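Below is one structure; the comments refer to it alone.
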Amino acid sequence: MPVKISTRNIFKNYGAVEALKGVSVDVHEGEIHAICGDNGAGKSTFIKILAGVEQPDRGEIVVDGKPVHFDSPHASLTAGIATIHQDLAVAPEMTIYQNIFMGAELTRNVLGLRLLDKPAMRRAAVGYMAQLNPSITDMNAKVNELSGGQRQAVAISRALRWNADTVILDEPTAALGVRETEQVLDLVRSLKASGKTVILISHAMQDVAAVADRISILRTGKNQIDLEGGDLTADNLSHYILSGTGDRFH
Ligand SMILES: Nc1ncnc2c1ncn2[C@@H]1O[C@H](COP(=O)(O)OP(=O)(O)OP(=O)(O)O)[C@@H](O)[C@H]1O
Ligand SMILES: [Mg+2]
Numbered sequence: 024m025p026v027k028i029s030t031r032n033i034f035k036n037y038g039a040v041e042a043l044k045g046v047s048v049d050v051h052e053g054e055i056h057a058i059c060g061d062n063g064a065g066k067s068t069f070i071k072i073l074a075g076v077e078q079p080d081r082g083e084i085v086v087d088g089k090p091v092h093f094d095s096p097h098a099s100l101t102a103g104i105a106t107i108h109q110d111l112a113v114a115p116e117m118t119i120y121q122n123i124f125m126g127a128e129l130t131r132n133v134l135g136l137r138l139l140d141k142p143a144m145r146r147a148a149v150g151y152m153a154q155l156n157p158s159i160t161d162m163n164a165k166v167n168e169l170s171g172g173q174r175q176a177v178a179i180s181r182a183l184r185w186n187a188d189t190v191i192l193d194e195p196t197a198a199l200g201v202r203e204t205e206q207v208l209d210l211v212r213s214l215k216a217s218g219k220t221v222i223l224i225s226h227a228m229q230d231v232a233a234v235a236d237r238i239s240i241l242r243t244g245k246n247q248i249d250l251e252g253g254d255l256t257a258d259n260l261s262h263y264i265l266s267g268t269g270d271r272f273h
């Protein structure tokens, strides 16, 4: 598959802290690409740069072969990249469909007035959720009635709403139990099955090994090693992260 997103030598300092010291990653179209590494390795900083939340000090981002400059989250979204941050930013008191359309509500004109088109939003929400979690059918349910895995489905539906072709998930299973984790991994698989490119940040090596096509491990703001296909077992990954080297696993 062609390269969808490529970063070249991304550097980012926060004051005196060198968070990224030359990160280069090629994310291939239609693949699930995991970014791993120990606490403080620079994973979230890297994702914030792809999401337009932070700007790199140096380095280049190329999307579909064209250099891009994301000076805002909106610029990243417009380039087809939707990021689901770890805190999700869902509104628990609001309904599923309101969450999916937050900031991008559908409207209709009635006698010259612009009114919210709730039926259209509910219908569209059913369509998005059906792709991800067919067990959720009531779009009027409040998000605070949902499980953690179901909330992830709502957050991912919002990404689908933006027609993103790349979805970034930062630690989507961090707070979840075993069954819910399985649900979220299924969500990740269904994103891939629908042709999306997925970037997954995770501490959970089992999860990464279960779904990723390719993995980049970061260490102190640099690439440590890139792995693909057959190299991906939880033991292997832990070895690379703990040993701090790119040596092959024996
Ligand atoms: N806003 C900030 N101001 C100052 N330093 C920061 C800021 N954000 C991150 N850092 C520092 O940059 C480095 C990389 O942090 P980052 O959050 O990207 O790592 P991470 O790999 O996501 O870690 P974790 O696994 O703990 O989430 C760390 O040393 C961190 O303390
Ligand atoms: Mg982080």
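First residue of the sequence shown? That's 24 in my numbering, and the numbers climb one at a time after it. Backbone N, C-alpha and C fix where the C-beta goes; we use that ideal spot for every residue, glycine too. Note that the coordinates shown come from a computational prediction; the quantities given were computed from them, not determined experimentally.
- Annotation for HIS56: the continuous beta strand (DSSP E) segment containing it runs 55-59.
- Every alpha helix (DSSP H) stretch that sits fully inside the segment 112-157 and reaches 4 residues is listed by chain position as 119-123, 141-155.
- In terms of Cα proximity to ALA232, the closest of ALA164, ARG242, TYR120, ASP254 is ASP254.
- Not one heavy atom of ligand 2 lies closer than 6 Å to the C-beta of SER217.
- Contact between the segment 101-111 and the segment 48-58 is not established, with fewer than three Cβ pairs separated by less than 8 Å.
- In the displayed model, PRO96 falls within a helix according to three-state DSSP.
- Along the length of the segment 30-94, whole alpha helix (DSSP H) runs at least 4 residues long occupy 66-73, reported in chain order.
- Beta-bridge partners of ALA105 (DSSP): VAL190.
- Put simply, of THR30, GLU52, ILE28 the residue whose alpha carbon is nearest the alpha carbon of ASP236 is GLU52.
- By the 16-neighbour rule on beta-carbons within 10 angstroms, GLU116 is exposed.
- The Cβ atoms of ILE191 and ILE222 lie closer than 7 Å to each other.
- Residues VAL113, ALA114, VAL166, VAL177, ARG181 of the same chain have their beta carbon placed closer than 7 Å to that of ASN122, with the five preceding and five following residues left out of the count.
- Our two residues, VAL85 and ALA98, have alpha carbons roughly 13 Å apart in a direct line.
- Rounded to whole angstroms, the separation of the alpha carbons of GLU83 and SER95 is 16 Å.
- DSSP, reduced to helix, strand and coil, places LEU250 within a strand of the structure shown.
- Around PHE34, the same chain offers LEU43, LYS44, GLY45, PRO79, ASP80, ARG81, GLY82 as residues with beta carbons nearer than 7 Å, after the five sequence neighbours per side are excluded.
- Burial is judged here by how many other beta carbons sit within 10 angstroms of a residue's own beta carbon; SER239 has at least 16 and is buried.
- Under a 10 Å Cβ-count criterion, ASN32 is classified as exposed, with fewer than 16 other Cβ atoms of the shown protein chains found around its own Cβ.
- With a cut-off of 6 Å, the C-beta of SER225 is classified as distant from ligand 2, since no heavy atom of the ligand falls inside that distance.
- Selection around ligand 2 by beta-carbon proximity, strictly under 6 Å to any non-hydrogen atom, yields LYS66, SER67 in chain order.
- Close CB contacts of SER29 within its chain, under the 6 Å cut and outside five residues either way in sequence, are with ASP49, VAL85 (chain order).
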